[in-house]
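Each remark here refers to the structure printed beneath this line.
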Amino acid sequence: MLILLCYRSNAVDQHHPFRQFMDEIGKDTILHQQVNVRDLEPNDVSRLIQDSLGQDDSSLSRIVFEKTRGNAFFVHQLLRGLADQKYFQRDVKNKRWTIDHAKVSTLQVSSNVVDFMQTRLRRLSDEVTDLMRIIGAVGHHVNLDVLSVVTEKGTAHISKILEIPFAEGLLYYEQNQVYFAHDKIQQACYQLNPIENLPELHFTIANTLMRHARFQSLDELFNLASHLDKAFDCIHGDHEKYIGIYLKAALKSKEISAYGEFLGYIRRAMALLQDDSSASIRFEVHREYHIALYLNSRFEEADAFFYENLAGREDFLTLRENYFSKLSQDSMRRRYKDAVVFGMSILEKMGIALSIDPQSKDLAREFSEVEALFAKAGIQKISDLQNIERKNIHEMAFVCELILAMVPAAFFYNPMVACLLIFTTLRLAVQNGVFEAMAYPLSVASTPFILIRNDYLAGYAYAEYAIQIAASNKRALGNAKHLFILFCWHWARPIKDDTAIEIARDAHHLLMQGGDIQMAGYTYYNTVTYFWERGETLALVLAEIEKGMHFNANTHNLHGKH
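Each number in my numbering corresponds to the 1-based position in the sequence shown with 341 added.
Set out below in structure tokens:
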């Protein structure tokens, strides 16, 4: 099967689903080839003009190329405009084109494509031009109903006004969306607006969209935030209303792992906070700002902000994500003991006191006590935990996420502490039921069975069960899948199985979406091992190692980088 895909590179950024799809193809062994379609060369433009007009004119070809830089769309637009201005005309009688060489020789080339398009636009009626400049401010494409709201004109009236731009190929219509045929046309329309009027115009557009709730889809939300960005210095009125939009855009960016944009939106929300802003909105912005700093590996700033604005709060249960971020960044900076001590101090507030220096005999006792607890509760196999009714849901969700964040640091600090956290999780599961965030420690629970009891099948069962209970918790599911491949897969199934690499890569994406950049970096241990065991070329293995090192360097994961 041959599949041809076409896209405009300047219209697809790194966070666009299509770009992510292309990146995935690049990682796989699918045979593929990318062809960059370049602009026309001067000789190409000359041949196109000769073919179109039946004769060559070096001056015309040179001018057309210099004005368009070989962009095929604008070559067509320029030739059309020159025909309208009688630089060449159709000789109907002799069935050929005649070029006014004298007139061509006077044609100036100082203006660029945008200037040329503006000249064309200004020849249209004021009604058309006014609408086109507003469309240019709204964006590269706009829903016809949204345009109706912004301009306060009916959709039928708008379509009537735009008949000429549609006919001349400046705009096109598809599925109730009006698109510019090229980004330079949008730029030309946008620049028809006096520059001093643009902030207020964008503010008006933003308020109109908000008034009509035109920000439900992802594209609409980011478009609205873009208008607020361009109007930022003239935002006035109910600031919390605009902070709310930036918060929505920030959380959506975080959800799709666009962490740079996440930080940008939250910073703008921070800048809009006023002295009289409500405590709840201030807290929400501060909480997300700290997480955004962590996800962008700005660890020093994150630490300072955490201790200045969040650490002393009494309602610490609301800081679940922040504690996770704090523990993860300490682990990534190899501050394993700091992370363990900090995590245990929070667990102690929840009534769970653990030793930071357990001995082998302590773990053996814990193992026996957990087995006895299982027997008393009638737990014959790990999946029987699912039958226990959930209790203390809010508190347990907090504790489980905290332990999830502590386990990596504990493992690198002292594996016995990690085992202690695992046994604690098993106790909590018997007492309070199973929670999604337990998936990671339950995956790690496979290790004692493998290391202490040489019971590989039981270890495999624990890891497999962890994947089942993680459900929709992306962070927990990503960790469970990562450890399933790392610790247990090869005891029951061949690592050469293609399913292994699929699970490993899925783990990476889930961890990124779940905001666990630390463990996302460790998933490369799995993919490198997979390529090596499969007998792939050394070049492919080294390329995967380079990807892992690059990712961990970018996220400042000192442990993962080495």
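We put the CB at the ideal spot given by N, CA and C, even for glycine. Treat the numbers as computed from the prediction; the structure is a model and nothing was measured.
Legend entry - Cβ neighbour criterion (16 or more within 10 Å) applied to residue 433: For the purposes of this step, residue 433 is taken as residue 92 along the sequence shown, with counting starting at 1. Burial call: exposed.
Legend entry - Touching by the beta-carbon criterion (3+ pairs, under 8 Å), the segment 516-530 and the segment 549-557: no
Inset, instruction - May I ask you to list the residues that DSSP assigns as paired with residue 531? - result: The sequence position of residue 531 within the sequence shown is 190, counting from 1. The partner list for residue 531 (beta bridge, DSSP) is empty, contrary to what the question assumes.
Legend entry - The beta strand (DSSP E) enclosing residue 440, as first and last residue numbers: Working through the sequence shown from its first residue, we reach residue 440 at position 99. Residue 440 -> beta strand (DSSP E) spans 437-440.
Legend entry - Span of the alpha helix (DSSP H) around residue 809: Here the question's residue 809 lines up with position 468 in the sequence shown. Residue 809 -> alpha helix (DSSP H) spans 797-811.
Inset, instruction - Closer than 7 Å by C-beta to residue 594: which residues in its own chain qualify, once you throw out the five before and the five after it? Chain order, please. - result: Locating residue 594 in the sequence shown gives position 253, counting from the first residue. Hits under 7 Å: 602, 603, 606.
Legend entry - alpha helix (DSSP H) segment containing residue 550, residue limits: Looking up residue 550 in the sequence shown gives position 209. Residue 550 -> alpha helix (DSSP H) spans 539-552.
Legend entry - 7 Å Cβ cutoff met for residue 762 and residue 751: On the sequence shown, position 421 is the one that residue 762 refers to. On the sequence shown, position 410 is the one that residue 751 refers to. Closer than 7 Å, so yes.
Legend entry - Unbroken stretches of the alpha helix (DSSP H), 4 residues or longer, contained in the segment 694-778: 701-718, 734-754, 756-773
Inset, instruction - Assign residue 673 to one of two classes, buried (16 or more other C-beta atoms within 10 Å of its C-beta) or exposed (fewer than that). - result: Sequence index remark: in the sequence shown, residue 673 carries index 332 (1-based). Residue 673 should be labelled buried.
Inset, instruction - Pick out whichever of 570, 558, 564, 614 has its Cα sitting closest to the Cα of residue 581. - result: Residue 581 sits at position 240 when you count from the first residue of the sequence shown. Closest by alpha carbon: 614.
Inset, instruction - Give the DSSP bridge partners of residue 518, in chain order. - result: Mapped onto the sequence shown, residue 518 falls at position 177. Paired residues: 484, 515.
Legend entry - Beta-carbon proximity of residue 711 to residue 783, cut-off 7 Å: Residue mapping note: residue 711 aligns to position 370 of the sequence shown, counting from 1. Residue mapping note: residue 783 aligns to position 442 of the sequence shown, counting from 1. Using a Cβ distance threshold of 7 Å, residue 711 and residue 783 do not count as a contacting pair.
Legend entry - Residues bridged to residue 379 (per DSSP): Reading the sequence shown from its first residue, position 38 is the one you call residue 379. Its beta-bridge partners do not exist; DSSP assigns none.
Legend entry - Pairwise C-alpha distance: residue 477 and residue 611: Along the sequence shown, read from residue 1 onward, the residue named residue 611 stands at position 270. Along the sequence shown, read from residue 1 onward, the residue named residue 477 stands at position 136. Going from the Cα of residue 611 to the Cα of residue 477 covers about 29 Å.
Inset, instruction - Please name the residue, chosen from 504, 848, 486, that lies closest to residue 469 on a Cα-to-Cα basis. - result: Counting from 1 along the sequence shown, the entry for residue 469 is found at position 128. Of the listed residues, the one whose Cα sits closest to residue 469 is 504.
Legend entry - Span separating the alpha-carbon of residue 451 from that of residue 465: As a working note, residue 451 is residue 110 in the sequence shown. As a working note, residue 465 is residue 124 in the sequence shown. Because residue 451 sits at a pLDDT of 46, beneath the cut-off of 50, its placement in the model cannot be relied upon, and the point is left open.
Legend entry - Where residue 303 falls: helix, strand or coil (DSSP): Outside the shown range of the chain (342 to 903) lies residue 303, about which nothing can therefore be said.
Legend entry - The beta strand (DSSP E) enclosing residue 431, as first and last residue numbers: As a working mapping, residue 431 is identified with position 90 in the sequence shown. First-last of the beta strand (DSSP E) with residue 431: 429-432.
Legend entry - Reduced DSSP category for residue 864 - H, G, I as helix; E, B as strand; rest coil: On the sequence shown, residue 864 is found 523 positions in, with the first residue counted as 1. Note: residue 864 maps to coil in three-state DSSP.
Legend entry - Alpha-carbon to alpha-carbon, residue 886 and residue 896: Here residue 896 is taken as the residue at index 555 of the sequence shown, counted from 1. Here residue 886 is taken as the residue at index 545 of the sequence shown, counted from 1. Rounded to whole angstroms, residue 896 to residue 886 spans 15 Å at the Cα level.
Legend entry - 8 Å contact criterion, which residue 822 and residue 851 should meet: CB distance rounded: Here residue 822 refers to the residue found at position 481 of the sequence shown. Here residue 851 refers to the residue found at position 510 of the sequence shown. With 8 Å as the limit, residue 822 and residue 851 qualify as a contact, their Cβ atoms being about 7 Å apart.
Legend entry - Own chain, CB closer than 7 Å to residue 650, minus 5 neighbours either side, in chain order: Residue 650 sits at position 309 when you count from the first residue of the sequence shown. Here the set comprises 627.
Inset, instruction - Measure the C-alpha to C-alpha separation of residue 380 and residue 525 and round it to an integer number of angstroms. - result: Position 39 of the sequence shown holds residue 380. Position 184 of the sequence shown holds residue 525. Roughly 15 Å separates the two Cα atoms.
Legend entry - Spatial distance of residue 408 from residue 898 (CA atoms): Taking the first residue of the sequence shown as position 1, residue 408 is located at position 67. Taking the first residue of the sequence shown as position 1, residue 898 is located at position 557. Those two C-alpha atoms are separated by around 49 Å.
Legend entry - Three-pair Cβ contact test at 8 Å for the segment 863-872 versus the segment 840-851: yes
Inset, instruction - Please confirm whether residue 748 and residue 775 have their CB atoms less than 7 Å apart. - result: Sequence index remark: in the sequence shown, residue 748 carries index 407 (1-based). Sequence index remark: in the sequence shown, residue 775 carries index 434 (1-based). Result no, Cβ atoms of residue 748 and residue 775 do not sit closer than 7 Å.
Legend entry - Endpoints, alpha helix (DSSP H) assigned at residue 494: Numbered from 1 along the sequence shown, position 153 holds the residue referred to as residue 494. First-last for residue 494: undefined, no H or E at that position.
Inset, instruction - Quick one: give me the first and last residue of the alpha helix (DSSP H) that residue 650 is part of. - result: Working through the sequence shown from its first residue, we reach residue 650 at position 309. Unbroken alpha helix (DSSP H) run through residue 650: 640-650.
Legend entry - 7 Å Cβ cutoff met for residue 684 and residue 564: Here residue 684 refers to the residue found at position 343 when the sequence shown is read from its first residue. Here residue 564 refers to the residue found at position 223 when the sequence shown is read from its first residue. Going by C-beta atoms, residue 684 is not nearer than 7 Å to residue 564.
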